[in-house]
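Take a look at the structure below.
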Amino acid sequence: MEEQVVRPVPRAGVLAIDPYVPGKAKANGGHKLHKLSSNESPLGASPKALKAYRTISELQFYPDGSAGELRTAISEVYGLNPDHIICGCGSDEVLSLLAYAYLGEGDEAIYTTHGFLVYKIAIHAAGAIPIVAPEKDLKTDVDAILERVSEKTKIIFVANPNNPTGTYIPFDEVKRLHTGLPKTCILVLDAAYAEYVRRNDYQSGIELVANCENVVMTRTFSKAYGLPALRVGWAYGPEHIIDALGRIRGPFNMNAAAIAAGAAAVRDQAFIEQAVSHNNKWLPWVVNQLTSLGLDVTPSVGNFILIHFPEDEGKRAVDADAFLLERGCVLRQVKAYGFDNALRMSIGSEEANRDVVAALTEFLK
Ligand SMILES: *Cc1c(COP(=O)(O)O)cnc(C)c1O
0 MEEQVVRPVP RAGVLAIDPY VPGKAKANGG HKLHKLSSNE SPLGASPKAL KAYRTISELQ
60 FYPDGSAGEL RTAISEVYGL NPDHIICGCG SDEVLSLLAY AYLGEGDEAI YTTHGFLVYK
120 IAIHAAGAIP IVAPEKDLKT DVDAILERVS EKTKIIFVAN PNNPTGTYIP FDEVKRLHTG
180 LPKTCILVLD AAYAEYVRRN DYQSGIELVA NCENVVMTRT FSKAYGLPAL RVGWAYGPEH
240 IIDALGRIRG PFNMNAAAIA AGAAAVRDQA FIEQAVSHNN KWLPWVVNQL TSLGLDVTPS
300 VGNFILIHFP EDEGKRAVDA DAFLLERGCV LRQVKAYGFD NALRMSIGSE EANRDVVAAL
360 TEFLK
C-alpha cells in the first residue's frame, strides 16, 4: 500500500509561479566579460553614493525603520510630500506589497503580454488571478486593458517604458487608461526607466498620482542610479495607499547602507545626467549598427534594446546568444517574456557596445 505523505502545502497560486530567472552574470572563455543582461548602468553608481555606503559601519544597530533620510532626499529632489513615499527592498518589494495589500482570492490584476515578469509572480503569490491584455505593435494597448476590466479587477500593472520591449505610451494614453478605470482599481505605473526617457509626451506619473486616489508610481535605484546590489526602490502614492503598504511591510525592510547610499545617489542628479547622455549617445549608435546588419530592433526609450533575429537555421536568437557568450558578451534571452527569437541587450560601455556589434557582424556573415 502506498503511504500518503502528509506535509505542509502552500496556498493556491504559489506553485503556479515560474521562478524568476535572473540575467546570466558569466560568459565563457577568457574574454573580458560584458554583462548586458540586466539593464544595469555601465557608469556604475555615483561616487557620492559609494562614499555614503562606506560610512555605514555600526552594524550592531537596527536601521531607521521609516527610511527617513532616503524619503526626505527623494521628496526634496522630486518635490514630493515624504508622507506619500514608501521605500522598498527594490521596487520589486513595493510591487509585491501592492499585490499583498490589495489582491486576494478571486481578485484579478491585469498586465500586458510582454509586461515585466514580477507582476505575474506578485499576483499569483497574493492568490489572485493574472489577466493578460494584448499589446499593439509591442506597446501597451489602453483599450485592450479597459476591455478586460471587471468588478474583480483590483490592480493594473503598466511598466512605462516597458521591459523588455523598451516601448512607452504617451501621458495622454496613461490618463485615458486611468479615466476608464473604476475608482476602486489601482493603476500602478512602474517607471523603472523614467530617468532615461526624454520625450515631450512622456511623464512618469507624478502629476497623476498627486491628483488621484487610485494611482501609484514605482521607481528604482537599480537602473540609472546604478545601485541594484543594494536593492533600493520606492513608490509615490496617495496617503491611504502608502499607509496600507506601510502596515504590511517588514518593520526594517530597508537596510542602513541602502538608505545612506540611496539618499546620496538621488541628490547627485549631475551623475544621472551623465548616465543619460551616455545612453543617448550609444543607444542610437548600437541600433544603427544592428539595423545596418539587417537586424530588426524595437524602438526603445530605455537603456536597453530588443533585438529580433532571422528565422534562418543557425541564425536565430539562441544561436546568437551562444555565439556572443563565447566572446564574453552576455545578453538576455527573453523566451519567458514570450519572445522566442529575440535577445535583450542593455546599452553598455563603449567597449561592450563595439564588441557586441563586432560579434554580431561576424555571426551574421
Ligand atoms: C528592473 C526593473 C524594476 C526594478 O526592480 P528593482 O527591484 O527595483 O531592482 C522594476 N520594473 C521593471 C519594469 C524593471 O525592468
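Here numbering that gives the first Met the number 0 is used: the first residue of the sequence shown is 0, the next is one more, and so on. Virtual Cβ for every residue (Gly too), placed ideally from N, Cα, C.
Query, Result
"Within 7 Å, strictly: CB atoms of A274 and L42", "yes"
"C-alpha distance - P227 paired with E2, whole-angstrom precision", "47 Å"
"I130: first and last residue of the uninterrupted beta strand (DSSP E) it sits in", "128-132"
"Which of helix, strand or coil DSSP assigns to I144", "helix"
"DSSP state of S291 mapped onto helix, strand, coil", "helix"
"Check: G232 C-beta below 6 Å from any heavy atom of ligand 1", "yes"
"Contact test: V89 Cβ vs ligand 1 heavy atom, cutoff 6 Å", "Per the sequence presented here, residue 89 reads as Gly, with Val not at that position. Yes, ligand 1 has a heavy atom inside 6 Å of this Cβ."
"Span separating the alpha-carbon of V215 from that of G78", "16 Å"
"Near ligand 1: N159 beta-carbon under 6 Å from a heavy atom", "no"
"CB of D295 within 7 Å of CB of H277, strictly", "no"
"Distance CB(G64)-CB(P250) smaller than 7 Å", "yes"
"Beta carbon of G301 nearer than 7 Å to that of P169", "no"
"Rounded C-alpha distance that separates D106 from T152", "6 Å"
"Minimum C-alpha distance to F322 - residue among E310, L359, F338, N352", "L359"
"Residues that DSSP places opposite W233 in a beta bridge", "C86, R218"
"7 Å Cβ cutoff met for I154 and I185", "yes"
"Neighbour-count burial assignment, Q268, 16 or more Cβ in a 10 Å radius", "exposed"
"Span separating the alpha-carbon of E350 from that of L289", "16 Å"
"Close Cβ partners of G347 (< 6 Å) along its chain, the five nearest in sequence each way excluded", "H33, L35, P41"
"Complete runs of the beta strand (DSSP E) confined to the stretch 316-348 [at least 3 residues]", "341-345"
"Supposed close pair T297, S90 - CB separation, criterion 8 Å", "With 8 Å as the limit, T297 and S90 do not qualify as a contact, their Cβ atoms being about 23 Å apart."
"Cβ neighbours of C211 in the same chain (closer than 6 Å, five flanking residues each side left out)", "none"
"R266 vs A72 beta-carbon contact at 7 Å", "yes"
"Neighbour-count burial assignment, S291, 16 or more Cβ in a 10 Å radius", "exposed"
"Own chain partners of R10 with C-beta closer than 7 Å, once the 5 adjacent residues on each side are dropped", "G126"
"heavy atom of ligand 1 below 6 Å from N252 C-beta", "no"
"Assigned secondary structure, E300 (DSSP; H/G/I helix, E/B strand, else coil)", "The question names Glu, yet the displayed sequence has Val at residue 300. Residue state, collapsed to three classes: coil."
"Rounded straight-line distance, which links the Cα of E361 to that of I122", "43 Å"
"Complete runs of the alpha helix (DSSP H) confined to the stretch 68-115 [at least 4 residues]", "89-101"
"Any non-hydrogen atom of ligand 1 within 6 Å of A124 CB", "no"
"Closer than 6 Å: T297 CB and nearest ligand 1 heavy atom", "no"
"Spatially closest choice to D136 from H239, V5, F115, T111, by CA coordinates", "T111"
"Cβ pair A341, V329 closer than 7 Å", "no"
"Bridge partners - K138, DSSP secondary structure assignment", "K135"
"Alpha carbon of P283 to alpha carbon of N352, nearest angstrom", "11 Å"
"Classification of L188 by the beta-carbon crowding that lies within 10 angstroms, buried from 16 upward", "buried"
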